[in-house]
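Working notes for the structure below.
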Amino acid sequence: MYNQEKPLLQTIKIGNHTIKNRVVMAPMNMNYTDPMNFPSKQQAAYYAARAMGGTGMIIVEAMRASNHETANTYRKYNNLAIYDETFVPKMADFVEHVKSFGATIIAQVSIGPGAQGTSDLGAPQPVAASPIGYYVRHDKLITGLGSATNIKPTLALARALGYYEKISDDAREAFKQVCNVPGMHIIGETPREITKEEISKLVADYGYAAKCAKLAGFDGVEIHAPHGYFLHSFISPRLNQRTDQYGGSLDNKLRIIKESIDSMRKYVGPDFVIGVRISASVEIEGDITPKYANEVAKKLESFGANFIHLSDGSYECMSDFIPRKEGQVLPKAKIVKQGLNIPLICPSVHDPKLAEEAVRNGDVDMISQGRQQIADPEWVNKYAAGKIADIVRCTRCNEGCIKRFIVGLPVRCTVNAIAGHEEDFDKYAKRSLESLKKRHWQTIGEIGKEPSFFS
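When you number the sequence shown by the working numbering, it's gap-free, plus one each residue, and the end is 471.
Here it is in C-alpha cells:
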C-alpha cells in the first residue's frame, strides 16, 4: 500500500532491484580518495554514515572508467577508478562495508570531463564532441563564489591559488582579471574533437568498467553525462556540431550513450542496473531545454536505461549545476518526467515537505541530495521518526564543501563537524558481526577483456 503520510518511505523498483525508500544520495567528489585512486578508509566510513542514516540508494562519486589519456584530463582532483581488475579487491571491500549498513549502492562511472578538463599536470589537450570551449557566466556563479555585487569570495579563492596582482575594485572587471588563474575553472581551453577510433575505445572500456563494478559488488552503475562533461557535449545541440554518425539528429547525438549501454550489457547482463545522469537544462541560447531533456530521457529509456537522474547546468551555468535555491530543479523535472516510464530522480531537494509533495504528486519518482547529505547523514531516519525539526539543514553556503574541493582539500561542512572525520568513529568505520554473517557472496564470470556471456 502506498504510504500517503510518508511517501518518501515508499519502496520503488529500479530494474529488478527494490529500493527501500525514495531518497538518493547524489554523487559528489569529496577529495577523500587514496592517492592511487583506491577508496580510502575515510571514504568507506563517510558513505557508511549515510547508509546508516537511512538513505535508500547511494550513488558513489564519479569513477574513471577508462585509462585512455582522453579520460584523464582532470588530474587536479583525485578520483576513484574502476577501469580494470586492479581496483576490484579494494573496491569490493569498500562496497561490502557500505552495503552492510543497508543501502543500495551504485557506481557513477565516467569516461572523461570533456571540455571541462585541463591540460595541466601533464594531461593531454581535453577532448569533446566538438572543439567548443566554455566560460563561466558571471551572473551564474554559485553562492559563496561571488555575484554582481559580491565578488570577494571569488577573489579570496584566486589569492589562495597564487594570484597576487592588484585586483580592480569593480566586481565585473575583477572577475575578468581572475578568469585565467589556473584552478579557477572560469575559462576553459578549447578541446580537440574526439575521433571515432577514440570513441570506440572509450565505449569498450565503459563495458569492462561496468563488469569490474559488478564484480566489486555494486548493484548498478550510473553513466555520467550531465553538466558539461564529456558525454554532455554529445547531447547538447549547441556543443555537438559533428557531421558524422555522432552528430546531427538526436539519435546520432545519443549514439555514443546507446553504444555505451550496449557495451555494458554484454558484460553485466540484463539484471544489473544501468542509469544515466543528464542535465535538465543549460540556460544558454541553443542549448538543452527541459523539453529537449525529456526527449533525451525517453530515448535513453528505449536504449535500456533503468533510471534517469537529473542534474542541471554546467560550468558555464554554475548556479544551476550547484543550485542556490530549494527545489530549483523541480519545475524542470516535472517536464522531463512526462511520458517517461522509468524512475526519474530530481536533485537538490532538501526540504522534506517539498520532497513529499513532489513524489506524492508524481512530479518525480525519487529525490537526491548532495550537500544536504553531507550536512546531516541522518536525514532519512529523522524524517521517518517524525523529527523533521531536528534535521540539520544545509545552508548552501558552499564554504566547507565546494570551495575546499576546488583547491584540492578534503571536503568538510560548516554545520556538521563530523563530516570528513567519519573514520574516527567506530559506528561508521567498523562493521557488526551480524552484518558479516548475513553478507551475500556474488562472483561473476572470469576476469578478462572479453564478455563471458551475452556476447
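We treat Cβ as the ideally placed atom computed from N, Cα and C, and that holds for glycine.
Excluding the 5 residues preceding and the 5 following residue i in the sequence, name in chain order all residues of the same chain whose CB lies nearer than 6 Å to its CB.
i, result
"residue 83", "99"
"residue 443", "none"
"residue 303", "252 and 254"
"residue 472", "With the chain represented from 17 up to 471, any question about residue 472 goes unanswered, as that position is not in the structure."
"residue 313", "324, 352 and 356"
"residue 21", "none"
"residue 316", "292"
"residue 58", "48 and 439"
For residue i, list the residues DSSP reports as bridge partners.
i, result
"residue 209", "144"
"residue 180", "DSSP output for residue 180 lists no bridge partner at all."
"residue 33", "30"
"residue 123", "76 and 237"
"residue 291", "238 and 323"
"residue 383", "39 and 362"
"residue 65", "Per DSSP, none; premise fails for residue 65."
"residue 452", "Its beta-bridge partners do not exist; DSSP assigns none."
"residue 97", "80"
Strictly under 8 Å for the Cβ-Cβ distance: is residue i near chain D by that measure?
i, result
"residue 117", "Looking at the structure shown, chain D is missing, and only one protein chain is on hand."
Taking 8 Å as the limit between beta carbons, can you name the residues of its chain near residue i, skipping five residues before and five after?
i, result
"residue 420", "47, 426, 427 and 428"
"residue 398", "392, 404, 406 and 407"
"residue 375", "23, 24, 26, 38, 381, 382 and 383"
"residue 85", "139 and 140"
"residue 147", "206, 207, 208 and 209"
"residue 465", "For residue 465, the predicted model reports a pLDDT of 48, less than 50, meaning its position is unreliable; a value from the coordinates is still stated below. So the list reads 224, once near-sequence residues are dropped."
Consider the C-beta atom of residue i and the heavy atoms of the ligand SAH; say whether any pair is separated by less than 7 Å.
i, result
"residue 245", "In terms of ligand content, the structure shown is empty, and the ligand SAH therefore cannot be addressed."
With a 10 Å radius around its C-beta and 16 neighbouring C-beta atoms as the bar for buried, classify residue i as buried or exposed.
i, result
"residue 436", "buried"
"residue 384", "buried"
"residue 117", "buried"
"residue 423", "exposed"
"residue 261", "exposed"
"residue 71", "buried"
"residue 52", "exposed"
"residue 227", "buried"
"residue 448", "exposed"
"residue 387", "buried"
"residue 244", "buried"
Taking the alpha carbon of residue i as the reference point, which residue from the options has its own alpha carbon closest?
i, options, result
"residue 369", "350, 363, 343 and 393", "343"
"residue 134", "123, 449, 121 and 149", "149"
"residue 42", "73, 69 and 26", "73"
"residue 310", "120, 329 and 360", "360"
"residue 308", "258, 252, 337 and 264", "252"
"residue 418", "431, 258, 287 and 338", "338"
"residue 284", "330, 336, 225 and 340", "225"
"residue 205", "223, 189, 280 and 89", "89"
"residue 445", "35, 63, 172 and 28", "63"
"residue 55", "96, 363, 358 and 390", "96"
"residue 33", "178, 179, 227 and 290", "290"
"residue 266", "401, 416, 319 and 45", "319"
"residue 151", "330, 66 and 44", "330"
"residue 230", "373, 268, 176 and 280", "280"
"residue 127", "221, 180, 388 and 402", "221"
"residue 115", "60, 409, 144 and 256", "60"
"residue 40", "365, 452 and 434", "365"
Got a sec? Which residues, its chain only, sit under 7 Å from residue i by beta carbon, not counting five neighbours each side?
i, result
"residue 235", "33, 120, 121, 122 and 289"
"residue 45", "77, 78, 93, 95 and 421"
"residue 271", "261 and 262"
>> Between the stretch 290-297 and the stretch 240-251, can you find at least three pairs of beta-carbon atoms closer than 8 Å?
In response: With a cut-off of 8 Å, the stretch 290-297 and the stretch 240-251 count as touching, because enough Cβ pairs lie within range.
>> Assess contact between the stretch 93-110 and the stretch 349-368, defined as three or more Cβ pairs (one per stretch) separated by less than 8 Å. Is contact present?
In response: Output reads no: the stretch 349-368 does not touch the stretch 93-110.
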